[in-house]
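4 protein chains.
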Amino acid sequence: MSTKKKIKLIAARLYAEKGFKGMTLKEIADEAGIKPPSIYAFYSGKKDLFLQTYKEILDDHLHLLKGQFEHRDTYSARETLHQILLIIMTYHMEETEKTKMFIRLMLFPPSFLKEDISEYFHNLENMERRMLKKIFDEGITNEEIQFRDTEALVTAYLCLLDGLFLETQYYDKEEFFRRLESIWEQYWAGIAVNRNC
Amino acid sequence: MSTKKKIKLIAARLYAEKGFKGMTLKEIADEAGIKPPSIYAFYSGKKDLFLQTYKEILDDHLHLLKGQFEHRDTYSARETLHQILLIIMTYHMEETEKTKMFIRLMLFPPSFLKEDISEYFHNLENMERRMLKKIFDEGITNEEIQFRDTEALVTAYLCLLDGLFLETQYYDKEEFFRRLESIWEQYWAGIAVNRNC
Amino acid sequence: MSTKKKIKLIAARLYAEKGFKGMTLKEIADEAGIKPPSIYAFYSGKKDLFLQTYKEILDDHLHLLKGQFEHRDTYSARETLHQILLIIMTYHMEETEKTKMFIRLMLFPPSFLKEDISEYFHNLENMERRMLKKIFDEGITNEEIQFRDTEALVTAYLCLLDGLFLETQYYDKEEFFRRLESIWEQYWAGIAVNRNC
Amino acid sequence: MSTKKKIKLIAARLYAEKGFKGMTLKEIADEAGIKPPSIYAFYSGKKDLFLQTYKEILDDHLHLLKGQFEHRDTYSARETLHQILLIIMTYHMEETEKTKMFIRLMLFPPSFLKEDISEYFHNLENMERRMLKKIFDEGITNEEIQFRDTEALVTAYLCLLDGLFLETQYYDKEEFFRRLESIWEQYWAGIAVNRNC
DNA sequence: GATGAATGAGACTTCATTCAT
DNA sequence: TATGAATGAAGTCTCATTCAT
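Sequence lines, in order, name chains L, W, U and Y. Reminder that position 28 of the first sequence reads as 28 in UniProt numbering, one-by-one numbering, no gaps. Reminder that position 134 of the second sequence reads as 134 in UniProt numbering, one-by-one numbering, no gaps. Reminder that position 90 of the third sequence reads as 90 in UniProt numbering, one-by-one numbering, no gaps. Reminder that position 109 of the fourth sequence reads as 109 in UniProt numbering, one-by-one numbering, no gaps.
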C-alpha cells in the first residue's frame, strides 16, 4: 500500500479512538514507520489529512447504503427491511473503526467541520427516507404492511436502525445478532398485517 | 454559586463539546472569570476535576432512572412504559450538556476511565433490565402484553430507548416528541394483546 | 515550641535536604501543621525565613568552635588537638541536619548570599588559624611537636579537619570514629617529636 | 561542537552551580542559542538530559582514577602517592565544573538517583582501596613505609585525598598547590621509615 | 495568628509546522 | 520523498505571594 494511503488509514483509526485533538501526527507517523514531517509530503497539514480521511469515510458509508437499497425488487418488504438491518449492522460490526469514526463525526464533529457534516447527515437522512418510503409504500400495496402514514413507518424504522446502531457499540457479535432477531420480530409484529385475526 | 461548583459545570459543558483533551483549563477559567492556576485551589488537577465532574453526571443519571421506576404500581404497563420514555427523553432533551457528556463517556471514555465506565454501564443495564422485567411480567399477567419471553421484551424496549436516545441528538424538541409518539404507537402495537381480533 | 521556631527548624532541615529552590513553603507549612500563608505572619517571605535560619546555623557553628578553643591550657598540645577533632566531629555526626546545611551553604550558597557567606568563611578560617597557631606554638615550645613553620602545621591540621569533615557524610558513627583514631595516629606521628631516636 | 554536546556541557555547568531544580531548560537553551523545546530533539526531558550528563561525569572521573593507578611500577611508593595527589587535584582544579557537579552528586544527589549514586561511590571506594593497598604493601616491602596495618594507611590516605579535594573548592590554584606540598610533607613524615634515627 | 481564594511568573512539556538538506 | 533540527503557540502545573476575612 502507498504511504499516503497508509497514513490515511492510520489517521482514521486514531481519530476513531481519540478524536481530532487526541490523535497526533507523531503517533500517525510512528505507526506508518515514518517521521512526522514526512506527512507533509502527502498532506498539507493535520486538517487536510483529516479532511481527506473523513470524506472517504462518509463516501464509504453512503456507498454502502445505496448498495442496500438497489436490487430490492425481487424481495418482499419484510425480507427487504430485515435484510437492510442485517447488512448495515454487519458492516458496522465488522468495520468497527470506520463506524467509530462515523459516530464521532456525527455526534462530535470538529468545529471546522460542523456545517459540512450537518449537511451530509441531512442529505443522508433524506435519501434514506426516500428509499424507505418506496419500500413501505410497496409493502402496503402488497398488503404485507398495515396501512398507515408512510412517514410514520419510516420514522420508526429509522429509530430501530439508530437503536441497533448504537448497540453495535456495546455487545459482541453473537449477542448482538441474537438481540437483533428478537427485536426485529417484535418490530415487524407491530406493523405487519395480522393475517391471523 | 460557588466557584468550585461553577468550574465543575463549565468543565462538564466543555467536556461534552470537546472531549477531555479538547477542553482546556484556560477556557474553563476564562468562563469562570478566574485564572487557570485558581482551579488548583479546588481540584488537584485536570484529571481530578474531570473525575469529580463525571461522577456527578453518572450519579445524576442513575438517580433519574431509579426515580422513574419507583411508584409505578398505580399505572398500567402501557402507561408506565410510555411514561418512562417521555421522562427519560425529556431529561435528555433538557439537560443536553449532561447528555452529551454521558454519550461521550459511554462511547469514547478517556483511557484512564475505561474500566470504571464499563463497569458502570454494566451495572446500569442490569438494573434497568431487572426493573423492566417486572413491568413486562405484570403487563403479561394483566393481559395487556402478549405472552412472550420477557427477556426479549426487555431487549426490544432497551433498543427503543437507545434509538430515541440517539435521536435526541439530531432533532429539536418539537420534532423529536412528534416522532416519539409515532414510534411508540408502532412499538406498542407489536407487543400489545390485540383486542380487536 | 513556638510556631516561629518550628518553622525555622523545618526550613533548616529541608534546606539541608533539598536546597533553597528545592524546599517549598508548602512543605514547610505542611510539616508545621499550618498553611503556607501563615508563614508570612512570622517571616516576610521565603528569603527572609532562610536568612534568619542560616544566620542561626552559622552562629551555632562559630559558637561551637570558639568553645573548643577556650579552656585548652590545662592540656598538652596532643590532647588538645585530638580533643578538637573529637568534639567537632561528634558535633557533625550528631547534628547531621545542621552540618548538611552548613555544607550546602559553604559549597553551594544561594546567589544572594554568596558574598555574605564568603566573608563568613574567611573570618572563620582566620579565627581558626589564629587559635591553632597558638596551640602549635605552645606544642613546639613544649617540645611535643617538631619545629616547623607553624603556618604549615596549621594548614595540614585544617586539611585533616576538612577530610574528616567530609567523611562524616559517608560513614556511620562507629566506622567513622574508628577511622578517626587511625588517621589521627598517623597524623600525629608525622609532626610529633620522635622521642625514640 | 554539536548542539547535543553543547547542551550537555551547559547542563553540567548549571547543575554544578544551581542543582537539578535550580537549573532551567530556559537557561540551558539561552546559553546554547536555541529555544527550550529544541532540547527535546536531543533529550526526552530534563531528567534524561541530566541522566546522560551525570553518567558521563562519573565515567570521566572513574577513567581518570584508573589511569593514575596504572603504570605505577617504575616509581617508588613515595613518588606514586605524591603523584596521585597531584594528578587528581590538578584535574579537580582544572575541571572545576565537573568537580562541582561531582560534589553535588556525592553530597546532595537528586532523590531519583540516590541509590544509583550510592552504589557508584561504594564501588569507587572499593576500587581505590584495592589499588592503594597494593601501593602501600609494596612501600612496606621496600622499606619505604613503616610497617603498619595497610588498611589504616589506606584510610588515612583517603582522608588526605578528601581533605585536599574539599579544599580545591576554597583556594586558588597557586595557594592550593602550596598547601598541598606542605601537607604532603607532614603526611609522608608520619608514615615513612625514619632513616635518620 | 491563621487561612481560603486568587494570581503572576515561570517551569516542563507537547505538538503542528517549517525549512534546509 | 524523507528527515534532522528548530520553533511558536499553547497546555498543565507549581510556587511564592497577596489580601480580605
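The beta carbon of each residue, even a glycine, is placed where N, CA and C say it ideally should be. Values in this document were obtained by computation on a predicted structure and should not be read as measured data.
In the pairwise beta carbon analysis, the stretch 182 to 192 of chain W is classified as touching the stretch 149 to 168 of chain W: at least three pairs are separated by under 8 Å. Assignment of residue 41 (chain U) by DSSP, reduced to helix, strand and coil, places it in the coil class. Residue contact check for residue 53 (chain L) against chain W: no CB pair falls below 8 Å.
As DSSP reads the structure, residue 192 (chain L) sits in a beta bridge with L:145.
Those residues of the stretch 136 to 162 of chain U placed with their C-beta closer than 7 Å to a C-beta in chain Y are 152, 155, 156, 159, 160, 162, ordered along the chain. Ranked by how close their Cα comes to the Cα of residue 135 (chain L), the residues L:124, L:150, L:121 have L:150 in first place. Residue contact check for residue 130 (chain W) against chain L: no CB pair falls below 8 Å. Against chain U, the beta carbon of residue 177 (chain Y) has no neighbour under 7 Å; the closest one sits roughly 12 Å away. From the beta-carbon of residue 19 (chain L), the residues of chain W found nearer than 8 Å are 19, 21, 22, 108. Pairing residue 57 (chain Y) with residue 29 (chain Y) gives a Cβ-Cβ distance that is not under 8 Å. Of all alpha-carbon atoms in L:64, L:4, L:77, the one lying nearest the alpha-carbon of residue 33 (chain L) is that of L:4. The stretch 117 to 126 of chain L and the stretch 171 to 180 of chain L do not touch, with fewer than 3 CB-CB distances between them shorter than 8 Å. The stretch 73 to 83 of chain W makes contact with the stretch 137 to 148 of chain W: 3 or more CB pairs, one atom from each, lie closer than 8 Å. In this structure, residue 60 (chain L) sits away from residue 18 (chain L), with a CB-CB distance that is not shorter than 8 Å. Take the alpha-carbon of residue 102 (chain W) and the one of residue 53 (chain W): they are about 11 Å apart.
For residue 126 (chain Y), none of the residues of chain U pass the 9 Å Cβ criterion, the least Cβ distance being about 13 Å. Interface annotation for the stretch 166 to 194 of chain L against chain W: 166, 167, 169, 179, 182, 183, 186, 187, 189, 190, 191, 194, criterion Cβ-Cβ distance under 7 Å. Contact with chain U is absent for residue 86 (chain Y), since none of that chain's Cβ atoms lies less than 8 Å from the residue's Cβ. According to the DSSP assignment, residue 103 (chain U) belongs to the alpha helix (DSSP H) that extends over 96 to 107. Against residue 103 (chain Y), the close residues of chain U are 107, in the order they occur along the chain (beta-carbon pairs closer than 8 Å). Sorting L:6, L:66, L:7 by C-alpha distance to the C-alpha of residue 129 (chain L) places L:66 at the top. For residue 17 (chain W), the uninterrupted alpha helix (DSSP H) segment begins and ends at 3 to 22.
Taking the Cα of residue 47 (chain Y) as reference, the smallest distance to any Cα among Y:164, Y:15, Y:1 is reached at Y:15. Taking a contact as a CB-CB distance under 8 Å, the pair residue 169 (chain W) and residue 107 (chain L) counts as one, their CB atoms being some 6 Å apart. Of the candidates W:91, W:68, W:110, the residue whose Cα lies closest to the Cα of residue 81 (chain W) is W:68. By the Cβ neighbour-count rule, residue 45 (chain W) is exposed, with fewer than 16 other Cβ atoms within 10 Å of its own. Here residue 160 (chain L) really is in contact with residue 163 (chain W); their C-beta atoms are around 6 Å apart, less than 8 Å.
Excluding residues up to 5 positions away in sequence, 16, 17, 169 lie with their Cβ nearer than 8 Å to the Cβ of residue 100 (chain Y) in the same chain. Sorting Y:62, Y:91, Y:84 by C-alpha distance to the C-alpha of residue 122 (chain Y) places Y:62 at the top.
Taking a beta-carbon distance threshold of 8 Å, residue 49 (chain L) does not count as an interface residue toward chain W. The C-beta separation of residue 21 (chain Y) from residue 21 (chain U) comes to about 4 Å, placing the pair in contact by the 8 Å criterion. Remark: C-beta atoms of residue 85 (chain Y) and residue 166 (chain Y) do not approach each other more closely than 8 Å. Rounded to whole angstroms, the separation of the alpha carbons of residue 88 (chain W) and residue 64 (chain W) is 8 Å. Collapsing the DSSP output to three states places residue 172 (chain Y) in coil.
Residue 7 (chain U) places its beta carbon less than 8 Å from that of residue 49 (chain U). The three-state reading of DSSP puts residue 134 (chain Y) in helix, counting H, G and I together.
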